[in-house]
Structure formats: structure tokens, C-alpha cells
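Shown next, in C-alpha cells, is the structure this report addresses.
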Amino acid sequence: TIVYTQSPSVKASMLIDAKYNLVVDVILGDYKSNERELVKQHISNIEEKINLEKTLVIFDRGYISLELMLFLENKGIKYLFRSNGRYYQNEILAMKSRDETVQLEINTNRTQNIKDKNIKKQALHLEYYQTRISKPLLDNGVTEILFTNITESEADIHKLKELYKMRWEIELNYEKIKNKIRIENFSGKRRTIIEQDFYSQIYIFNLQMTIQNKAQKELEQENKELREKSDKEKRPN
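Positions 87 to 323 (our numbering) are the ones given, in order, by the sequence shown.
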């Protein structure tokens, strides 16, 4: 008899509100799941609950792709991708300033990996895809590369830098979910048990953040007075 003792492996994908620190949507998928495809599933899950045309989705490095940009554009969603500079190098190097609207050339190399048939058909009918590339300078001297469909009239390069900075709160939330909520501490190996443990922990996290947000709001006036006195602000514990 062969006994398999390998621990269960899943890929958890979360869509988190960077302003209120609430998990908006969560997917437990196969550990080999494509992260960009999970993004599409998130959007599908929330599109009847949230006004997508008033939504900005912020992505870390590794997510940017022509397919995902077209997908979000078609949904009327504003996007902000951080790039590691490996993608669309020719267009980045051709920039004459730190903030430009550019034309991304549509070629075979850039369309061959598009999985969605409708998006691929759309891309093949385009010669270029227009987006905005912004290269704000960080405080440590490093240049950040951002791709967005936010116009300059909606947000200048400095505002884009601040918008992307909001994403750091999501990393802090991941740390809370993993190390304080202990999301990986499953009570069993069966799929049903793992899902029950996982979703109940997400519920607890959202409940905690809802209480914290309410407490923070109640402290707003007091903190305003403390700022005027150059004193330290109070935060919910």
C-alpha cells in the first residue's frame, strides 16, 4: 500500500481594497493556475457588484501583458501596472521624457501568448496599442516604471507615484493574513476543510478591518487636532 503524505498545495489570489484594506474577492485555485487568468476571474466575480468604470486596479511586477491591458480597457477599468523594464523595452528606451503616451507595437511576439480568442482577434486587427508610460523617481533614487491608462489630466506623474504607493498597504495586509491570522494553518487536507478554514479566516480578517476602519474614523477629529500641535496621531490597536 502506498500512502501519500504530501501537503495540499493551492494558489490563493486576492483582490484587496487598498483604501479600506478589505478583501473584495478571493479565489482558491490550482497551484499551477495562471495569475493573469485569475485576475480576469476576479473581475468577472465583482463586475455586477462594483462600478468598474470607477475602479482602478493596481498591479505589482509580473502581471503586465498586452492581453490583460486590453481586457481591462474593454471593461472600462483603469489600470496601473508596475513593470520591471523587461517588457516593451524599445518603447521605454525611446521615451524622451519621464511621462509619455506611447504606441506599443503589435507584433507576432506580443500576440502569440494571448489565450482569449476574442482579445487575440482584437489585437491582430491593431497595429499599435496606446498606453501611458510613467517613470517617477523614488526617494531612494530608483526609477519606477509604471504603465497606465489614466490620463495626465486625471493624475500627473507625482499622483501616479502616490497611487502606486497605496499598494504597499496590500503587502502589509498579506503579512497580517499570513502571520497573524495564520491563513495557512489548515485543520485538515480535504478540499472542503481547506476551503472552510480559508474563507472563515478571510471573514475574520474583513471583520477585524471593518472594526479598525470605524475606530480610525472616530479618531479623525482628534488626530486633526494632534497634527496641528505636531503631536503623534492615535491609531487603533
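Ideal Cβ placement from N, Cα and C applies to all residues, glycine included.
Residue 235 holds the alpha-carbon nearest to the alpha-carbon of residue 190 among 235, 113, 263, 245.
Going by beta carbons, residue 152 and residue 98 fall outside the 8 Å limit.
Rounded to the nearest angstrom, the gap between the Cα atoms of residue 248 and residue 144 is 12 Å. Counting along the chain, the unbroken alpha helix (DSSP H) around residue 251 starts and ends at 243-251.
Membership of residue 301 in the alpha helix (DSSP H) is indicated by the continuous run 277-304. Rounded to whole angstroms, the gap between the alpha carbons of residue 156 and residue 179 is 23 Å. When secondary structure is reduced to three states using DSSP, residue 165 falls in the strand class.
When only Cα atoms are considered, residue 192 and residue 182 end up about 21 Å apart. Counting C-beta pairs closer than 8 Å gives three or more between the segment 279-293 and the segment 98-118, which meets the contact rule.
From the listed residues 204, 126, 219, the smallest Cα separation to residue 212 is found for 204.
When secondary structure is reduced to three states using DSSP, residue 216 falls in the strand class.
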